[in-house]
Amino acid sequence: MNRKQNKINKALVKALDDLKAIDIQVLDVSKLTTITDTMIIASGRSDRQVKALADKLLETAKELGLAPLGIEGAQKSDWILVDLGDVVAHLMHPTARAYYQLEKLWTAAEPNAGVAST
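Oh and the sequence shown: position 105 is 109 in our numbering, straight run, nothing missing.
Structure follows, in structure tokens:
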């Protein structure tokens, strides 16, 4: 992972941490898939917080010069996916996160790709 990607990952994690996201995980999946290099998985305590996390992530991405390629789940808010190209963020309510267990799907991924978890 290059310095630019590390800087982006750290800025996105900081944005999530600033809004008190729970259990932020950063996974380097670049060797496992071609769809993205990094996955960020984080939880919010309520649907409202999950939506706020997605909004903050989009705001930070814009400041970094990144345009979202897609946003899924914004209407329901228990799981919002934000596709920023090299980074895909999964922002989830704890019940959805426990049910889908995305971290287990990517067990071969390198955890915390250049970013300390909070």
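Beta carbons are placed, not taken as given, at the ideal position from N, Cα and C, and that holds for glycine.
Everything numeric in this text was worked out from a predicted model, so none of it was measured.
Check your understanding: Nearest-angstrom Cα distance between Leu-70 and Tyr-103?
Key -> Translated into positions along the sequence shown, residue 70 becomes position 66. Translated into positions along the sequence shown, residue 103 becomes position 99. Answer to the nearest angstrom: the Cα atoms are 30 Å apart.
Review point. Which residues in the same chain as Ala-100 place their Cβ atom closer than 7 Å to its Cβ, once the five residues preceding and following it in sequence are excluded?
Key: As a position in the sequence shown, residue 100 is number 96, starting the count at 1. Same-chain partners within the cutoff: Asp-82, Trp-83.
Exercise for review: Would you kindly work out how many angstroms separate the C-alpha atoms of Leu-61 and Leu-16, rounded to a whole number?
Suggested key: Indexing the sequence shown from 1 puts residue 61 at position 57. Indexing the sequence shown from 1 puts residue 16 at position 12. Approximately 6 Å between the Cα atoms of the pair.
Exercise for review: Just mark Gly-74 as buried or exposed, buried being the case when its beta carbon has 16 or more other beta carbons within 10 Å.
Suggested key: To locate residue 74, count along the sequence shown from 1; it is residue 70. A residue is called buried once 16 or more other Cβ atoms fall within 10 Å of its Cβ, and Gly-74, having fewer, is exposed.
Review point. Near Ala-93, which residues of its chain fall below 6 Å by C-beta distance, leaving aside the five closest residues on each side in sequence?
Key: Here residue 93 refers to the residue found at position 89 of the sequence shown. Within the same chain, Ala-93 has close Cβ partners Ile-44, Leu-61, Val-86.
Review point. Is the beta carbon of Ala-46 less than 8 Å from the beta carbon of Leu-95?
Key: Reading the sequence shown from its first residue, position 42 is the one you call residue 46. Reading the sequence shown from its first residue, position 91 is the one you call residue 95. A contact, by the Cβ cut-off of 8 Å.
Exercise for review: Within 10 angstroms of the Cβ of Lys-18, are there 16 or more other Cβ atoms? Answer buried if so, exposed if not.
Suggested key: By 1-based counting over the sequence shown, the position of residue 18 is 14. Classification for Lys-18: exposed.
**Study point:** DSSP three-state assignment for Leu-85, whether helix, strand or coil
**Key:** Position 81 of the sequence shown holds residue 85. Three-state result, Leu-85: strand.
Exercise for review: Throw me the rounded Cβ distance for the Leu-23 and Ala-65 pair, which I believe falls under 8 Å.
Suggested key: In the sequence shown, the residue the question calls residue 23 occupies position 19. In the sequence shown, the residue the question calls residue 65 occupies position 61. In fact, because the Cβ distance is near 14 Å, the residues do not count as touching under 8 Å.
Exercise for review: Grab the span of the beta strand (DSSP E) containing Gln-29 for me, first residue to last.
Suggested key: On the sequence shown, position 25 is the one that residue 29 refers to. Residues 26-32.
Point to revise | Residues that DSSP places opposite Ile-75 in a beta bridge | key: Residue numbering aside, residue 75 sits at position 71 when the sequence shown is read from its first letter. Bridge partners of Ile-75: Val-86.
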